[in-house]
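Chemist:
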Amino acid sequence: MSVIDRSPPVLIGCDELAARVTGWSRGTVILLLDAGIADAAIAVRVRREIERAGRRAETLTLCGPPDLADVIELSERLTGTELVVAVGGGSLLDRAKLAVLLACEPTARARLTVSERSGLVALPQVDRAGRLIAVPTTVGTGAELSRAACLTYPRGKRLVLGDVLRPDAALLDPEAFATLPGEMITEGVLEALFRTVTVYAGDHTDSLVEDALAESVAENLVALGYRVRDSRAAGLPVDGTTLTDIAKLSGLSQLDWLHQGRGAFVAKGWFIANELSMELRVRKMRAVAALLPHLWRAITDGDERFGSARRLSRIWSRLRTAAPDHLAADPAEGIATLIDVWRVDRRITADQDRLRATASRIVRAWGGGLPMLGGLRHDELRGLLSRAVLPAVAGEAARST
-5 MSVIDRSPPV LIGCDELAAR VTGWSRGTVI LLLDAGIADA AIAVRVRREI ERAGRRAETL
55 TLCGPPDLAD VIELSERLTG TELVVAVGGG SLLDRAKLAV LLACEPTARA RLTVSERSGL
115 VALPQVDRAG RLIAVPTTVG TGAELSRAAC LTYPRGKRLV LGDVLRPDAA LLDPEAFATL
175 PGEMITEGVL EALFRTVTVY AGDHTDSLVE DALAESVAEN LVALGYRVRD SRAAGLPVDG
235 TTLTDIAKLS GLSQLDWLHQ GRGAFVAKGW FIANELSMEL RVRKMRAVAA LLPHLWRAIT
295 DGDERFGSAR RLSRIWSRLR TAAPDHLAAD PAEGIATLID VWRVDRRITA DQDRLRATAS
355 RIVRAWGGGL PMLGGLRHDE LRGLLSRAVL PAVAGEAARS T
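Going by this note's numbering, the sequence shown opens with residue -5, and the numbers climb by one from there.
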């Protein structure tokens, strides 16, 4: 097996930004800012570093999750730009990644506009002339280092995949996370942990190097999650070192070194949680928190389509040692306790009609002959959802945030 490292460089703090700007741009730099942080200290610092490099920063402020029209409009404004610096959460970084691609390679638009039911869009191998530096202001998504982007369509989100989407560099600075609420930090840790363990346990093959790396990343995420728990309980802000470490591990969970040789569609829980989140209009990590104990129960009960019980038990034994509190040896019971102790709300409600609609949505986008769900049927998915989602009382809608 050959390992090809396509990992972008990671800059810690803004000190190296000016040098990158000087090397990658001869003219105006487009600075994309999430509307929520447009006046924050990190935005001021990044703009100052661009100007220190002797380049003019043209600022565009964006808000909301991107749809195709948003991406196309932005790509037209980026045409001919050598360097884009994007500062924001996962949605903004996804929009930047897709828009930079379309600005440099308009033929990629055909892949994004094709009409099909699949929730997955695979991009061809193409060259991208324009460069992108991603500065995340949230933790957990790892969008600043990933080869994926989510794009909203009328019938839901689609996952766009391709090496060409990886930013050219990621910049992690604790100042960028300064306004992030404690609950969002905790959900970010859970997201990175979910991604790491889902891929690890979802594949049945042992791989010495990749397994050791994934186990280490997951173990450290658990330790950091408890550190965040303690800060929140004490009413204290999470310190910058902890935030940067979470961001580092979240980015690592997206890189090739952890996933070499893994099956392409082992993260079945992601597909299910994504559609549950969209249908019930709850944050993705609340959907994950509701589903995760039941996904792990399915694995430990022997449903090999979701993953390997042996490998889940192995990594869970490592995670228990990283927790200062007692966690049950049973992975499903233990992860439910961890989620509750971390104060991630996993109580979501829906009636049976909504669950049937969600199961249909999942099958349409990821199953029904598509390879992502490995033959999981509508009734099996509805059963899983019924176990994870509480029944709604009369007149109650699913709680959203």
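C-beta atoms are modelled at their ideal positions from N, C-alpha and C, and glycine is treated no differently.
(1) Pick from Glu169, Glu209, Lys242 and Ala142: whose alpha carbon is nearest that of Gly182?
(2) Do you know how far the Cα of Cys144 is from the Cα of Ser85?
(3) What are the partner residues of Val232, as DSSP defines its beta bridges?
(4) How would you call Arg152, buried or exposed, if buried means at least 16 neighbouring beta carbons within 10 angstroms?
(5) When DSSP builds the beta bridges, which residues end up paired with Ala164?
(6) Determine, using beta carbons only, whether Glu396 and Leu87 come nearer to each other than 8 angstroms.
(7) Who does Lys151 pair with in a DSSP beta bridge?
(8) Would you report the Cα separation of His253 and Gly156, rounded to the nearest angstrom?
(9) Under three-state DSSP, which class holds Ala284?
(10) In terms of alpha-carbon separation, which member of Thr238, Glu209, Leu313 and Ile356 lies closest to Arg376?
(11) Taking Val23 and Leu77 to be in contact with their CB atoms under 8 angstroms, please state how far apart those CB atoms are, rounded to whole angstroms.
(12) Would you mind working out which of Val335, Val158 and Glu99 sits nearest Arg141, comparing C-alpha positions?
(13) Indicate whether Gly263 and Leu285 have their beta-carbon atoms separated by less than 8 angstroms.
(14) When the Cα atoms are used, what is the spatial distance from Pro318 to Arg111?
(15) Cα separation between Arg189 and Met366?
(16) Any idea which residues DSSP pairs Leu77 with across the strands?
(17) Quick one: grab the DSSP three-state call for Ile342.
(18) Hey, Arg55 and Leu11: beta-carbon distance below 8 angstroms or not?
(19) So what's Leu27 in DSSP terms, helix, strand or just coil?
(20) Roughly how many angstroms lie between the CA atoms of Arg50 and Val40, to the nearest whole one?
(21) Below 8 angstroms CB to CB, which residues in the same chain sit around Ala261 once its five sequence neighbours on both sides are set aside?
(22) Relative to the C-alpha of Ile333, which residue among Glu185, Asp33, Thr101 and Thr75 is closest?
(23) Going by the CB atoms, is the gap between Ala386 and Asp345 shorter than 8 angstroms?
(24) Can you list the beta strand (DSSP E) stretches of 3 or more residues lying completely in the stretch 79 to 123, in chain order?
(25) So Thr173 and Ile31 are in contact, right, with Cβ under 8 angstroms, and what is the actual spacing, rounded?
(26) Taking 6 angstroms as the limit between beta carbons, can you name the residues of its chain near Cys8, skipping five residues before and five after?
(27) How many whole angstroms separate the CB atoms of Ile293 and Ala303, which I take to be in contact at a CB cut-off of 8 angstroms?
(28) Within 10 Å of its beta-carbon, does Cys98 have 16 or more other beta-carbons around it, so buried, or fewer, so exposed?
(29) With DSSP run on the structure shown, which of helix, strand or coil describes Asp61?
(30) What residues match up with Glu52 in a beta bridge as DSSP calls it?
(31) Ordered along the chain, which non-local residues of its own chain (more than five positions away) have a Cβ less than 6 angstroms from that of Ile6?
(32) Assign Gly389 to buried or exposed, taking buried as 16 or more other Cβ atoms, counted over all protein chains shown, within 10 Å of its Cβ.
Modeler: Working from what's here:
(1) Nearest of Glu169, Glu209, Lys242 and Ala142 to Gly182, Cα basis: Lys242.
(2) About 8 angstroms.
(3) For Val232, which the question treats as bridged, DSSP gives no partner whatsoever.
(4) buried
(5) Val4 and Ala128
(6) Residue coverage of the chain in this structure runs from -5 to 395, which leaves residue 396 outside it and unanswerable.
(7) Thr146
(8) 15 angstroms
(9) Judged by DSSP in its simplified three-state form, Ala284 adopts helix.
(10) That would be Ile356, whose Cα lies nearest to the Cα of Arg376.
(11) 5 angstroms
(12) Val158
(13) yes
(14) 45 angstroms
(15) Their Cα atoms are separated by approximately 16 angstroms.
(16) Arg125
(17) Per DSSP, reduced to three states, the secondary structure at Ile342 is coil, with no helix or strand assignment.
(18) Position check: residue 55 holds Thr in this sequence, whereas Arg was assumed. Cβ atoms of Thr55 and Leu11: not closer than 8 angstroms.
(19) strand
(20) Near 12 angstroms, if we compare the C-alpha coordinates of Val40 and Arg50.
(21) Arg189, Thr192, Val193 and Gly196.
(22) Minimum Cα distance to Ile333 is reached at Glu185.
(23) yes
(24) 114 to 116
(25) 7 angstroms
(26) Arg39, Glu43 and Asp167
(27) 5 angstroms
(28) buried
(29) Strand.
(30) Glu52 pairs with Ile24.
(31) Leu166
(32) With a pLDDT of 44 at Gly389, under the threshold of 50, the modelled position of that residue is not reliable, and the figure given next carries that caveat. An exposed status is given to Gly389, since fewer than 16 other beta-carbon atoms sit within 10 Å of its beta-carbon.
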